[in-house]
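Residue 45 in my numbering sits at position 41 of the sequence shown; the count goes up by one each step and never skips.
Where is the CB? At the ideal position from N, CA and C, for every residue including glycine.
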Amino acid sequence: MNFTTGQPPANPIHIPLVVAALPEVIQRNCRNCSPQQAQNAQKLTNFLQTRYPEVWAMLIRKYGAV
5 MNFTTGQPPA NPIHIPLVVA ALPEVIQRNC RNCSPQQAQN AQKLTNFLQT RYPEVWAMLI
65 RKYGAV
């Protein structure tokens, strides 16, 4: 989960896409997402909330303020 802290990611292939989507997912609840994107965003947020709650809290602090 280093991509959220500004440290180099272990697998950089999809990280820029995830980071770019975070504001849409967190701030707008994925309103502009396709059904598939919304489903994937839900899986990602559930994963982060369950496995990495401290990272999820940091993301909410960073992107939650509109």
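Contact under 8 Å by Cβ, Y30 with Y67: The amino acid at residue 30 is misidentified as Tyr; the sequence shows Ile. Cβ distance < 8 Å, so I30 and Y67 count as in contact.
Please report the distance separating the alpha-carbon of E58 from that of R32. Their Cα atoms are separated by approximately 21 Å.
I'd like to know whether the C-beta atoms of L63 and L26 end up nearer to each other than 8 Å. yes
A61 classed as buried or exposed, judged by whether at least 16 other C-beta atoms fall within 10 angstroms: exposed
In the DSSP assignment, the alpha helix (DSSP H) including R32 goes from what residue to what residue? I19 to R32
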